[in-house]
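Residue numbers (full-length UniProt numbering): 1 to 441.
Beta carbons: idealized from backbone N, C-alpha and C, even for Gly.
Below is one structure, written out as structure tokens, with a few remarks after it.
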């Protein structure tokens, strides 16, 4: 029996690391996943170890090459942003994969902004809200001045998706979707790297930029198979919708972050938008796209863990809840805020929050969870409206983990009645987009 031709995709998220096979119709025919526990970096801050990730990826791919059922014709990578892999001249990592939540020394950050015209001037030029280590380009500035012994060994700096491609191909490249992911590297007016990149001698560390649909070849021992250069996961998740939709739309891509993307909004960022974590990405072609971000996945995990602990409920309880219009009206009609967010900043959206969380004021889990999602979706609604301003759409798609949360989706529908809100038919949209990218003619 002849083997089924497939495209392989590694979809590397902050939590789950997944491997997919898609047939010629881009239908998923196989998947597997793993999780890798973080380890402390030299400052004792959690960091994802590269060695076990690389070992799992290479082992998984080699096993798939031997499959009696499938024949891999193409390979690509979808990966979370805000992460750099810095290597020596031999392509061996020279630093840990620093976590984007790692603290950035305040004095060093202040000096950087001072050298670059001030915080908001720099942020507007690079379409990057001030996010410290999440502005991943600034990690190079951090290493140069805070870790000089590491910096002197760095010869190449890869965005994470392109490092994974390098691992399989040996080719060093950069792509627009990673460069444009609030890195602080790209000057959107000049359509080139920002002046600080040359002033600090960083440009020579960055591999050449190539189009997002560039095809390389895997190493001979990995089959000499056409291989993509990797793509930032939020940009990748957009591709299936761009192919499908003929009318303006927006996408809310959810997971650790909720990224709201409006492909038709190319307006310049305002100062207030930057303060509300609104920014611009670069598309695979290098065009600006307005997006907004919220750290809702981690916020949800933190608050739900506290709820389970207080109400002594088993894990997964919230997943069994269905939307109740009656309970929604009850929590909506309550005067005053009852949730204090751990990560999110309601003040950035001119919204208020409670001074503290007092779960004892709730008689049962359901009402407490509904209240949390109600106040969370107030924030999410504000973030969505930022990218719809001056570029309205009729349809909002939701993909990722929250598209299965009935309460979250229905509350958004109540709060955004002018939009048709559609849970995605592309549950693994970022992986599918990466597969599409290497399947394009």
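Asked	Found
Would the segment 390 to 407 and the segment 417 to 424 be scored as touching if the rule is three or more Cβ pairs under 8 Å?	yes
Determine the direct distance from the alpha carbon of residue 2 to that of residue 297, and round the result to whole angstroms.	43 Å
In this structure, how does DSSP classify residue 127 when only helix, strand and coil are distinguished?	coil
Would you tell me roughly how many angstroms separate the C-alpha atoms of residue 108 and residue 142, rounded to the nearest one?	7 Å
Should residue 406 and residue 323 be called a contact, given that it needs their Cβ atoms to be closer than 9 Å?	yes
List the DSSP bridge partners of residue 216.	227
Using DSSP with H/G/I as helix, E/B as strand and the rest coil, what is residue 203?	helix
Measure the C-alpha to C-alpha separation of residue 393 and residue 224 and round it to an integer number of angstroms.	43 Å
In terms of alpha-carbon separation, which member of 86, 369, 358 lies closest to residue 327?	369
Count the C-beta pairs between the segment 150 to 169 and the segment 79 to 91 that are closer than 8 Å, then say yes if the count reaches three, no if not.	yes
Taking 9 Å as the cut-off, decide whether the C-beta atoms of residue 429 and residue 236 are in contact.	yes
Beta-carbon within less than 7 Å of residue 203's beta-carbon, same chain only, minus the 5 sequence neighbours each way: which residues are those?	193, 197
Nearest by alpha-carbon distance to residue 160: which of 229, 145, 22 is it?	229
Of all Cβ atoms in chain C, is any one closer than 9 Å to the Cβ of residue 18?	Of the protein chains in the structure, only one exists, and it is not chain C.
So the beta strand (DSSP E) residue 33 belongs to, where does it begin and stop?	28 to 34
Rank 308, 320, 121, 284 by C-alpha distance to the C-alpha of residue 187 and give the top, closest one.	121
With a 10 Å radius around its C-beta and 16 neighbouring C-beta atoms as the bar for buried, classify residue 358 as buried or exposed.	exposed
Who are the Cβ neighbours of residue 213 in its own chain at under 8 Å, not counting the five residues just before and after it?	228, 284, 437, 438, 440
According to the neighbour-count rule (16 or more other Cβ atoms, all chains shown, within 10 Å of its Cβ), is residue 435 buried or exposed?	buried
Just to confirm the assignment, what range does the alpha helix (DSSP H) spanning residue 394 have?	Counting along the chain, residue 394 falls outside any alpha helix (DSSP H), and DSSP gives it neither H nor E.
Could you say which of 256, 255, 18 lies nearest to residue 57 if we only look at CA atoms?	18
For residue 211, which of helix, strand or coil comes out of DSSP?	coil
Cβ atoms of residue 431 and residue 178: under 9 Å apart, would you say?	no
Just list the beta strand (DSSP E) runs in the segment 47 to 114, keeping only unbroken ones of 3 residues or longer that don't cross its boundaries, in chain order.	70 to 79, 84 to 87
Alpha carbon to alpha carbon, how far is residue 144 from residue 150?	8 Å
For the structure I just gave you, are there three or more beta carbon pairs, one from the segment 101 to 120 and one from the segment 253 to 269, closer than 8 Å?	no
On a Cα-Cα basis, can you pick out the residue from 73, 97, 65, 164 that is closest to residue 40?	97
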